[in-house]
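What follows is a single structure, written as structure tokens, with notes after it.
Chains as they are written, first to last, in my numbering: chain A, 1 to 140; chain B, 1 to 140; chain C, 1 to 140; chain D, 1 to 140.
Set out below in structure tokens:
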């Protein structure tokens, strides 16, 4: 990943305009053309009934990582048309890492994928994977 | 929908054990065998960067509706293995309604689907649809 | 379904230009604005290793039904960007019926869904469900 | 990929029992624990209406690659509960290559993913990606 400080600053600025992202309080830690990494520290209010990270928050992280990865390659804002999430393991960690990347860019639609990991312990475990089909806002 | 007060009470009790559900503060408004309805009142902290309901919260509602619909037909707790969400329109409403139903029950896996609507205005608009594949916890 | 003979003829003509559709030899039996029905008679060469209808043929039928439903509402040709299929039961029947419908039309993308049934026996069984996100060819 | 001649022979034998696989006439070219590669030579009868590889055949290849990857890690037969396919580019090639791999094995369910490539030209192009959730037959 060839990191880009400008892109990182832009994504952080975009994220601050999203109220729910602000509540989640994840950090955009890396960004490059077509790639992004974010980290989220666990808080008890994130839990589902077994105490794992709630499926909706897993989806929020994967969707956002896909959208931000797309945003590194587009001046337009993008919106997800569809997302899917596969829950591989109970999402338990002190710190979650999510990495998004563009699979296929395009003028009309952008395919992206993302993975959620735990940051603690060895080996690092993959917890969930997802993908998104994104559309530039101006053409939707 | 032949409503069941007992099932409704049970789902509300389960939901209270999920910290993120408590934060969202939706209400389980109806429940019957294989079916459930929930309502969520808009709060500004739910927004993504355009002010629409965040994709993660859309996913949380659809996933929960699928899980609760499955829970009406199973004594076991259920976990989603995979979900998908299709965003049909910008999710904007004062009150959101989500309806979940079981498509195919099973001992090893349960297929469920859910729809998100706006409650305001005529005609009522469908905003998003989703589906989930759920697995009873004891056998996962 | 308000049936349209003209639309039905057009879909049958389109289907004949697709070599694999010709090999499958399904019939487009009904068509209306946003809706389509097709029927496929079982042949042994359609089987997977247990003798059920092969997942690829299930996907072909659901994808085609979604595409044809979209084609009833668009003068452009459409291509699927993504499909998903949920296999509810072993797909076994003498005659399969597949029904597709448009969930949300649009200039840039069309959401459609389809269901696969067996035609034999009572009650009729739903075997699989699927959905597709379609894009008009000229704008892809 | 640490290749395994025994696994390769077993997968080829399984594939021969599936009538539609025999009609497609793809070859299982490589197999190892959790991984598989197949090749399919283009025939005109595989086409959709624009002459690209039909979405149903793309799905058949991705689904089969996921299933065979799972079969390398399980003595049971496996069935797909759900698949999804993302069509990144028109699927055109003289020879198609599909690679499947297990993302997360399990006793009750197996997550797998697969990619479809063209074999001709430089650079090799990825045409489609998909994923499957598989269930061992004995426990479904």
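Where is the CB? At the ideal position from N, CA and C, for every residue including glycine.
Where residue i meets chain B, residues with beta-carbon distance less than 9 Å
{"i": "residue 84(C)", "result": "84 and 131"}
{"i": "residue 115(A)", "result": "Neighbours of residue 115(A) on chain B: none; closest Cβ ~15 Å, over 9 Å."}
Assigned exposure category for residue i - 16 Cβ within 10 Å defines buried
{"i": "residue 70(A)", "result": "buried"}
{"i": "residue 107(C)", "result": "exposed"}
{"i": "residue 5(C)", "result": "exposed"}
{"i": "residue 110(C)", "result": "buried"}
{"i": "residue 25(D)", "result": "exposed"}
{"i": "residue 22(C)", "result": "exposed"}
{"i": "residue 113(B)", "result": "buried"}
{"i": "residue 139(C)", "result": "At residue 139(C) the pLDDT is 43, less than 50, meaning the model places this residue with poor confidence; the figure from the coordinates comes in the next sentence. Exposed is the call here."}
{"i": "residue 63(A)", "result": "buried"}
{"i": "residue 2(D)", "result": "exposed"}
{"i": "residue 131(A)", "result": "buried"}
{"i": "residue 13(C)", "result": "exposed"}
{"i": "residue 118(D)", "result": "buried"}
Interface flag, residue i vs chain A, CB-CB below 8 Å
{"i": "residue 80(B)", "result": "yes"}
{"i": "residue 57(B)", "result": "yes"}
{"i": "residue 126(B)", "result": "no"}
{"i": "residue 39(B)", "result": "no"}
Any chain C beta carbon closer than 8 Å to residue i
{"i": "residue 139(A)", "result": "The pLDDT assigned to residue 139(A) is 43, lower than 50, so where the model puts this residue is not dependable, and the model offers no usable value."}
Spatially closest choice to residue i from the options, by CA coordinates
{"i": "residue 44(C)", "options": "68(C), 91(C), 130(C) and 137(C)", "result": "91(C)"}
{"i": "residue 125(A)", "options": "50(A), 95(A) and 66(A)", "result": "95(A)"}
{"i": "residue 51(C)", "options": "41(D), 76(D), 15(D) and 37(D)", "result": "15(D)"}
{"i": "residue 31(C)", "options": "57(C), 60(C), 47(C) and 67(C)", "result": "67(C)"}
{"i": "residue 54(D)", "options": "53(C), 130(C) and 60(C)", "result": "60(C)"}
{"i": "residue 104(B)", "options": "79(C), 89(C), 7(C) and 117(C)", "result": "89(C)"}
{"i": "residue 87(B)", "options": "87(A), 93(A) and 80(A)", "result": "80(A)"}
{"i": "residue 135(C)", "options": "98(C), 117(C) and 102(C)", "result": "102(C)"}
{"i": "residue 133(B)", "options": "9(B), 127(B), 82(B) and 93(B)", "result": "82(B)"}
{"i": "residue 36(D)", "options": "127(D), 116(D) and 128(D)", "result": "116(D)"}
{"i": "residue 98(B)", "options": "7(B), 75(B) and 57(B)", "result": "57(B)"}
{"i": "residue 49(B)", "options": "137(A), 19(A) and 10(A)", "result": "19(A)"}
{"i": "residue 129(A)", "options": "137(A), 118(A) and 85(A)", "result": "85(A)"}
{"i": "residue 17(B)", "options": "8(A), 47(A), 73(A) and 75(A)", "result": "47(A)"}
{"i": "residue 137(B)", "options": "74(B), 38(B), 33(B) and 93(B)", "result": "74(B)"}
{"i": "residue 11(D)", "options": "40(D), 93(D), 127(D) and 65(D)", "result": "65(D)"}
{"i": "residue 40(A)", "options": "127(A), 27(A) and 33(A)", "result": "27(A)"}
{"i": "residue 93(D)", "options": "33(D), 78(D), 127(D) and 100(D)", "result": "127(D)"}
Residue i: contacting residues in chain C (beta-carbon distance under 9 Å)
{"i": "residue 103(A)", "result": "Those do not exist, as residue 103(A) stays about 11 Å from chain C at its closest Cβ, beyond 9 Å."}
{"i": "residue 135(A)", "result": "108 and 109"}
Chain D contact for residue i (CB, 8 Å cutoff)
{"i": "residue 100(C)", "result": "no"}
{"i": "residue 11(A)", "result": "no"}
Chain-ordered neighbours of residue i on chain D, where CB pairs are closer than 7 Å
{"i": "residue 88(A)", "result": "103, 104 and 111"}
Within chain C, the residues that residue i reaches when beta carbons sit closer than 7 Å
{"i": "residue 45(D)", "result": "19, 20 and 23"}
{"i": "residue 2(D)", "result": "Under the 7 Å cutoff, chain C gives no residues; its nearest Cβ is about 26 Å from residue 2(D)."}
Cβ of residue i within 8 Å of any chain B Cβ
{"i": "residue 69(A)", "result": "no"}
Beta-carbon neighbours of residue i, restricted to chain B and to distances below 8 Å
{"i": "residue 63(A)", "result": "55, 56 and 59"}
Heavy atom of the ligand MG within 7 Å of residue i beta-carbon
{"i": "residue 7(B)", "result": "This structure lacks the ligand MG, and indeed carries no ligand of any kind."}
| query | Looking at chain G, which residues of the segment 19-33 of chain D have a Cβ within less than 9 Å of any of its Cβ atoms? | reply | Note that chain G does not occur in the displayed structure, where the protein chains are A, B, C and D.
| said: For a minimum of 3 consecutive residues, which ranges assigned as the beta strand (DSSP E) are wholly contained in the segment 22-59 of chain B? | reply: 27-32 and 35-41
| Uninterrupted beta strand (DSSP E) stretches inside the segment 89-135 of chain C (no shorter than 3 residues) | Segments of the beta strand (DSSP E) lying fully in the segment 89-135 of chain C: 95-104 and 110-118.
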